[in-house]
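Below is one structure, written out as structure tokens, with a few remarks after it.
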Amino acid sequence: MEKRIAIIGAGISGLLSCKYMLEKGFNPIVFEADNGVGGVWTHTVKTTKLQTPKPAFQFSGLPEFPDFLENQGPEVFHGKVLHSMNYSKMEDATAAELVKGKHVAVVGNQKSGLDIAVECDMANGMYR
Numbered sequence: 510m511e512k513r514i515a516i517i518g519a520g521i522s523g524l525l526s527c528k529y530m531l532e533k534g535f536n537p538i539v540f541e542a543d544n545g546v547g548g549v550w551t552h553t554v555k556t557t558k559l560q561t562p563k564p565a566f567q568f569s570g571l572p573e574f575p576d577f578l579e580n581q582g583p584e585v586f587h588g589k590v591l592h593s594m595n596y597s598k599m600e601d602a603t604a605a606e607l608v609k610g611k612h613v614a615v616v617g618n619q620k621s622g623l624d625i626a627v628e629c630d631m632a633n634g635m636y637r
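Using our numbering, the first residue of the sequence shown is number 510, and each one after it goes up by one.
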């Protein structure tokens with residue numbers, strides 16, 4: 510019997526998932542909403558300057574799931590949540606207006622998260 514599996518998203522995580530599923534004998538199918546592979550790497554923000562060292566993208570093979578204290582995780586957050594992919598597709602002025610004068614939490618400190626944090630600072634006159 511064929512072992513089929515669906516993978517949603519052809520970003521770095523989806524591509525790595527596909528690789529490991531192939532190694533385990535599965536027949537993966539990758540679904541991507543965008544026109545190509547690469548995820549957030551295919552949509553950069555205007556101020557992209559930061560570079561990430563290669564070791565930050567090495568896949569250890571062990572899943573890393575965040576630990577949240579009870580009633581202190583995502584379920585108690587009532588603000589706007591926006592994925593970096595959606596942010597990167599926004600016009601520069603629209604993105605700046607969205608964050609201007611607001612307290613912004615960027616979850617994640619890899620390439621796209623750091624770039625977006627810089628843009629949020631710039632929109633509020635903090636980054637020079």
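Even for Gly, the Cβ is constructed at its ideal location relative to N, Cα and C.
Please classify Tyr529: is it buried, with 16 or more other beta-carbons within 10 angstroms of its beta-carbon, or exposed? exposed
Classify Glu628: buried if its beta carbon has 16 or more other beta carbons within 10 angstroms, exposed otherwise. buried
Rounded C-alpha distance that separates Gly534 from Tyr596: 36 Å
Which residues DSSP lists as bridging Phe540, in chain order: Ile517
Expected contact under 8 Å - CB spacing of Gly610 and Asn633 to nearest Å: 7 Å
Taking Gly610 as part of the alpha helix (DSSP H), name the residues at either end of that continuous run. Per DSSP, Gly610 belongs to no alpha helix (DSSP H) and is neither H nor E.
Tell me whether Thr553 sits in a helix, a strand or coil according to DSSP, three-state version. coil
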